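Numbering (the numbering used here), first residue to last: 1 to 168. Beta carbons: idealized from backbone N, C-alpha and C, even for Gly. Please read all numbers here as calculations on a predicted model, not as lab measurements. Right, one structure below, let's go through it.
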């Protein structure tokens, strides 16, 4: 238990440091797709080293630096990915997480899969008293703010899939 608490504390400190770095690095009017991918990769590497989880990043997209996001959109996308990974580590007891990026002409799609214990998404949606579920609430609000869509699929014992669709 003491080792696990130490790992969680180290991961929390690393996450706070990463967030500060990300906000500073993304404090521009526009963020390239490469900037966003780089920040995601850096966060994943820090999360892997702090938790010993198997976290993989797979970008199946031909998007280049021609794709620009507003800083609000870029930071929102990053924070939702960060929250989904953190949830998989902290709450799902997952050992394997896969982050995939794909796109069509009009949509950037990001999928975060984990092999954790899963949960009942309809119960999280109903939490409004501050006893939990705030991370999911913030994820939904961030995606809604940038006109994106968030889909959440989870089954007890089978893991969770968070899908983000963001208009380009």
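Item: Exposure label - residue 56; buried when at least 16 CB within 10 Å; Value: exposed
Item: Neighbour-count burial assignment, residue 60, 16 or more Cβ in a 10 Å radius; Value: exposed
Item: For residue 155, the residue or residues it bridges with in DSSP; Value: 159
Item: Whether residue 161 touches residue 99 by CB criterion (8 Å); Value: no
Item: Three CB pairs or more closer than 8 Å across the segment 44-51 and the segment 8-17; Value: yes
Item: Cβ neighbour criterion (16 or more within 10 Å) applied to residue 94; Value: buried
Item: Residues sharing a beta bridge with residue 57, DSSP; Value: 99
Item: Residues sharing a beta bridge with residue 107, DSSP; Value: 167
Item: Per-residue DSSP class, three states only, for residue 31; Value: strand
Item: 6 Å CB neighbourhood of residue 130 in its chain, flanking five on each side removed; Value: With a pLDDT of 49 at residue 130, under the threshold of 50, the modelled position of this residue cannot be trusted, and the question is left open.
Item: Bridge partner(s) assigned by DSSP for residue 150; Value: 164
Item: Helix, strand or coil at residue 69 according to DSSP, with G and I counted as helix; Value: strand
Item: Between the CA atoms of residue 123 and residue 58 - distance to the nearest angstrom; Value: 30 Å
Item: Minimum C-alpha distance to residue 97 - residue among 106, 117, 107; Value: 117
Item: Selected residue, minimal CA-CA separation from residue 158, among 137, 12, 113, 46; Value: 113
Item: Close beta carbons around residue 69, own chain, < 6 Å, minus the five adjacent residues each side; Value: 31
Item: Nearest to residue 74 (by Cα), restricted to the options 3, 152, 19, 134; Value: 19
Item: 6 Å CB neighbourhood of residue 101 in its chain, flanking five on each side removed; Value: 59, 61, 110
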